[in-house]
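Take the sequence shown: its position 800, counting from 1, is numbered 800 in our numbering, and each next residue is one higher.
Note that the Cβ used here is the ideal one computed from N, Cα and C, for glycine as well.
These notes concern the structure reproduced below.
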Amino acid sequence: MTPKKDDPTTAANPIPEIFVQDSTPEELKESERQVAEAIADAKEAARMAGLGARNGDESLQLRLARRSGGGWTSFALELDGVKSAVHVTEIQRALNDIEGVRASVIYPTSTAWVTVPDDVNPEELIRRLSEVGVKAYLTRSSLRRRAERLEIANRRKRLAQHRHSRSGLSIRGLGRRPGPRTPREVDQESRDKGRLRSDVRTLPREAEPTDVLFTARALLTPLRFLVSLALTIPVLVMNYFRDLQFDYWQWVCLALATPVVLWGAWPFHRAMVAGLRRGMSALDAASSVAIISAYLWSIMMLTFTKAGDVGWTSSPEWLAVNHSIFSSGELFLDVACGSTVLLLAGRLATRSGRNSLLDEEGQNIESSVSAVTVVRKNARSGKPVKKTIPLQEVRVGDDIIVPTGQVIPSDGRVIGGASTIVPGLIGGGRETLDVKVNSDVYAGGMNLGGPLKIRVQRTGSRTRLASMHRWIAEASQYQNRSAQLATRSASLLVPWALSLATLDFFLWWLISGNLNAAFATGLAMLACVGPVALALSTPIAMRLGIETSARRGVLMRNAETMRQLDEVTTVIFNRVGTLAKGEMALETITTEMGENPELVLRVAGALAMESDHPVSKALVRAAREARDSGAGGEEVPHWIEVNHVRITDGGNFSGQVEIPMPDSDGNLELRTVEATLWRPRDLSELDGRLATASVAGGTPLVVSWKGRARGVITLYDKVKDDAIDAVAELENLGLETMMLTRDTYPVARRFADNLGISKVLAGIAPGKKDIAVRSVHARGETVAMVGDTSVLGCLRVADIGVLMGSADDLDHDEADVVLLREDVETVPEMIVLSRRVSALADRNIILAWTYNGVAMVAAAAGVLHPMAATVLMVASSLIIEYRSQRVRKF
């Protein structure tokens with residue numbers, strides 16, 4: 001289409017002829033070449049002008065490598081076209097020939113695990129694999145990690161630009177690329193990324209300098225305290241010993257007190273001002289006002305009264321009312337300096353004893369493993385060789401060597417050696433643990449004995465140590481919110497104290513006419529107020545309680561969980577996984593007349609093959625042992641085919657099995673029949689010898705096919721060694737104990753009587769156990785439900801859900817408490833600890849409020865000296881702190 005000549009748009013912007021007229025292919029190629037050259041010239045001009053120098057025409061992969069510091073990255077490739085195990089060697093050699101690439105190809109899964117420098121693009125690896133006849137694809141998890149790396153890099157870039165803009169850097173400085181990094185710096189950063197602590201570290205727990213409620217800890221330094229103390233001592237000596245007062249001693253005291261008040265007490269003044277700017281009151285605001293008031297009052301006395309004269313002397317006053325008249329002058333420099341030194345000493349003391357469990361654990365693994373010795377097969381020779389690799393390159397299935405004195409870097413199972421390990425601070429309450437072949441070990445443990453060879457099962461954020469840190473970090477975050485609420489509530493005491501001190505000053509002035517006495521009483525009231533004691537009374541006790549329970553192998557969700565455990569009235573145990581040991585054993589097989597007991601067992605094992613429940617595992621194990629021993633003779637086939645296995649809501653297994661059945665002539669032939677494995681819930685479901693067998697022994701399971709019950713299998717599980725003592729201790733605590741089970745009442749009652757359990761909830765199908773727990777709660781009971789992962793629904797509906805027997809998988813939202821230990825004694829220990837911690841927190845609150853009330857009354861009455869009021873205020877905070885620290889010894 002040709003544009004019109006009178007079109008104004010065309011006249012202003014003529015369309016290039018190449019797009020108007022028909023062009024030949026040669027002309028189109030020439031135009032594309034010209035456009036490409038123009039773009040290249042533009043890029044070069046921009047580069048010379050200093051524009052776009054950050055990206056240029058380098059690939060996104062190179063920019064990612066530069067942003068991440070020239071480190072390493074690992075990912076997995078799914079391979080399509082792997083012909084044989086011999087082909088694997090060729091594939092692996094092709095990948096390892098690329099500079100910097102370390103690859104390992106797993107033939108059974110057709111997967112390649114690759115570790116490459118950040119500047120190597122996965123597309124290059126895919127192209128190299130295509131040359132050997134293999135199609136490769138990044139796995140979904142590798143794609144996700146790669147996308148996250150890009151997002152994190154871009155986010156860091158935006159944050160860095162934001163920090164630059166906040167710090168007032170010039171635009172010219174923003175356009176510069178950071179200087180080149182030395183190989184040592186790059187190597188150190190790469191090692192740091194692989195450290196064990198990088199997977200579990202949390203945000204710094206120190207208070208930020210901008211905290212407006214607590215005084216910034218970063219400013220409370222020993223140097224500030226020592227300098228203030230050195231200047232305060234002569235001030236106190238000259239004030240309290242009249243014989244040491246020389247001419248102009250009061251002015252010397254003022255000179256010594258000035259740096260103490262202005263510099264030594266600066267953290268408290270800073271917090272007060274920051275709080276006022278935000279419409280809040282810092283906890284030390286009253287003390288700051290008292291220090292400034294005492295200092296300014298003393299300056300005024302020195303300037304306008306006889307206190308500034310040569311030869312003036314002062315006698316110590318121990319009560320607020322025994323002060324000279326205003327015209328005689330009265331100095332309070334001792335109060336200003338003494339309050340500052342006492343506050344600094346008290347805050348430093350509380351700071352030194354407030355390290356958290358995460359801080360201690362972080363210090364223990366601060367110099368943790370950065371490189372690991374791994375045993376892998378050589379790509380060319382196929383022989384196992386040892387080599388040292390960064391921690392982040394360790395994969396599931398690797399065999400690693402942990403020498404003596406080294407921290408275990410990953411969760412795994414011991415396959416060689418025997419040793420003694422220290423599980424760590426969060427180690428389930430054990431100081432040491434002896435391990436040998438087939439023992440499970442977890443990241444964070446310290447190997448004290450001989451070297452161990454461990455097959456890795458979980459790495460990084462999937463380790464138990466990382467899960468425990470997430471639990472405690474979440475509890476700490478929740479506790480921080482609770483502490484902030486308590487701090488805000490305590491800070492409300494400050495404006496009330498200021499108002500009462502002002503009122504007290506005017507009342508004393510009107511009644512006595514003595515300004516010095518009036519000021520002393522008001523100053524004492526400000527100095528004695530202890531909002532810090534109120535703010536610390538509950539949060540510290542609760543936080544230490546949570547950490548103490550974690551040291552003993554009990555992870556609590558938050559402080560509210562500990563409060564609810566204090567109010568528990570009923571403890572319900574799910575029988576399987578809590579009171580009994582994990583492994584069950586075959587006890588008896590009872591069949592109907594004419595049925596083969598071995599066939600009954602083999603059918604039960606075939607139906608339970610896909611389940612990981614302890615009952616199913618026991619059946620499968622017994623069936624395999626019977627098969628391997630040839631029990632049942634030729635009538636029982638060596639292998640029983642099973643299809644279409646289903647598990648009902650009631651926990652019953654059903655499926656189609658192929659078993660020998662007699663035909664019309666009495667000969668046996670294989671037929672496919674519908675079979676069911678189920679557990680009876682009441683005696684009406686069976687009769688005859690099967691009914692007797694179902695109540696005579698252990699856990700009964702019924703095997704049926706073609707609509708008839710063919711036999712009853714009873715399983716026996718041993719009671720845990722400490723279960724009886726644990727139940728007795730719970731009863732002594734005044735708690736009602738119950739047992740929840742699918743077994744019939746006679747079987748369940750017999751098991752419960754052996755343990756001393758009060759009540760039994762028997763015959764409850766798995767899908768209805770949560771309803772049974774709700775019914776107990778509906779009666780007005782506060783219920784703690786103890787169970788394993790098979791009853792997560794019950795844990796969710798209970799007031800407190802206690803997960804037991806899941807040390808390898810802690811990330812369950814249904815649980816309020818996770819027990820890392822397998823012993824039942826943990827349950828009463830957990831409740832006793834919660835009761836003691838809750839009682840201590842309550843007593844701390846009562847003590848803090850009682851102190852503040854009594855101290856303010858004494859100050860208003862004039863019987864409390866300002867210096868004594870400061871001592872009492874600091875002492876109240878230290879006493880609360882000391883009482884809370886006792887939780888560590890519970």
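Asked: CB of valine 394 within 7 Å of CB of valine 422, strictly; Found: no
Asked: Beta-carbon spacing of arginine 671, glutamate 595 below 7 Å; Found: no
Asked: Glycine 787, DSSP secondary structure in three states; Found: strand
Asked: Exposure label - histidine 922; buried when at least 16 CB within 10 Å; Found: Summary: the structure shown does not reach residue 922, with the chain confined to residues 1 through 890, and so no result is reported for it.
Asked: Rounded separation between threonine 388 and threonine 789 - CA only; Found: 38 Å
Asked: 8 Å CB neighbourhood of aspartate 663 in its chain, flanking five on each side removed; Found: Glu669
Asked: Per DSSP, the bridge partner or partners of asparagine 574; Found: Leu740
Asked: Buried versus exposed call for proline 597 [16 or more other C-beta atoms within 10 Å across all chains shown]; Found: buried
Asked: Bridge partner(s) assigned by DSSP for valine 372; Found: Ile389
Asked: Proximal residues to valine 82 (C-beta, below 6 Å), its chain only, five neighbours per side dropped; Found: Ser110
Asked: Buried versus exposed call for lysine 718 [16 or more other C-beta atoms within 10 Å across all chains shown]; Found: exposed
Asked: First and last residue of the uninterrupted alpha helix (DSSP H) at arginine 646; Found: Taken as a continuous stretch (DSSP letters only), arginine 646 belongs to no alpha helix (DSSP H), being part of the beta strand (DSSP E) at 642-647.
Asked: Where methionine 446 falls, given that 16 or more other Cβ within 10 Å makes a residue buried; Found: buried
Asked: Three-way DSSP call (helix, strand, coil) for aspartate 722 in this model; Found: coil
Asked: Opening and closing residue of the alpha helix (DSSP H) in which serine 664 lies; Found: Where serine 664 is concerned, there is no enclosing alpha helix (DSSP H), given that its DSSP letter is neither H nor E.
Asked: 7 Å Cβ cutoff met for valine 776 and methionine 785; Found: no
Asked: N- and C-terminal bounds of the alpha helix (DSSP H) containing lysine 769; Found: 769-778
Asked: Extent of the continuous alpha helix (DSSP H) to which glycine 793 belongs; Found: 792-797
Asked: Burial state of proline 183 (16 or more Cβ within 10 Å); Found: Note on proline 183: pLDDT 44, under 50, position unreliable in the model; the coordinate value appears next. It is exposed - the Cβ of proline 183 has fewer than 16 other Cβ atoms within 10 Å.
Asked: Option nearest asparagine 732 by Cα separation, candidates Gln564, Ala218, Ile831 and Gly405; Found: Ile831
Asked: Spatial neighbours of glycine 412 in its chain, beta-carbon cut-off 8 Å, leaving aside the 5 residues before and after; Found: Ile400, Asp440, Val441, Ile454, Arg455, Val456, Gln457 and Arg458
Asked: Closest residue to arginine 901 among Leu534, Val824 and Gly264 (Cα-Cα distance); Found: Nothing about residue 901 can be read from this structure; the chain reaches only from 1 to 890.
Asked: Residue burial classification, phenylalanine 751 (beta-carbon count within 10 angstroms, cutoff 16); Found: buried
Asked: Span separating the alpha-carbon of threonine 548 from that of aspartate 722; Found: 22 Å
Asked: Under 7 Å between C-beta atoms of valine 874 and leucine 342; Found: yes
Asked: Cβ-based burial, arginine 602 [other Cβ within 10 Å; buried from 16]; Found: buried
Asked: C-alpha gap between asparagine 652 and asparagine 121, whole angstroms; Found: 52 Å
Asked: Own chain, CB closer than 6 Å to glutamate 366, minus 5 neighbours either side, in chain order; Found: With a pLDDT of only 47 at glutamate 366, under the threshold of 50, the placement of this residue in the model should not be trusted; the figure read from the coordinates follows. Contacts found: none.
Asked: Status (buried if at least 16 other CB within 10 Å, exposed otherwise) for phenylalanine 246; Found: exposed
Asked: Between the CA atoms of valine 642 and glutamate 658 - distance to the nearest angstrom; Found: 7 Å
Asked: Of the residues Phe268, Leu254 and Asp309, the one placed nearest tyrosine 296, counting alpha carbons only; Found: Reading off the sequence shown, one finds leucine at residue 296, where the question assumed tyrosine. When each option's Cα is compared against that of leucine 296, the closest is Leu254.
Asked: As assigned by DSSP and simplified to three states, the class of threonine 232; Found: helix
Asked: Contact check, valine 532 vs leucine 283, beta carbons under 7 Å; Found: yes
Asked: Boundaries of the beta strand (DSSP E) in which tyrosine 137 is found, first to last residue; Found: 135-138
Asked: Proximity winner among Val824, Asp823 and Gly801, relative to glutamate 814 (alpha-carbon distances); Found: Gly801
Asked: Beta-carbon proximity check, valine 435 vs valine 414, cutoff 7 Å; Found: yes
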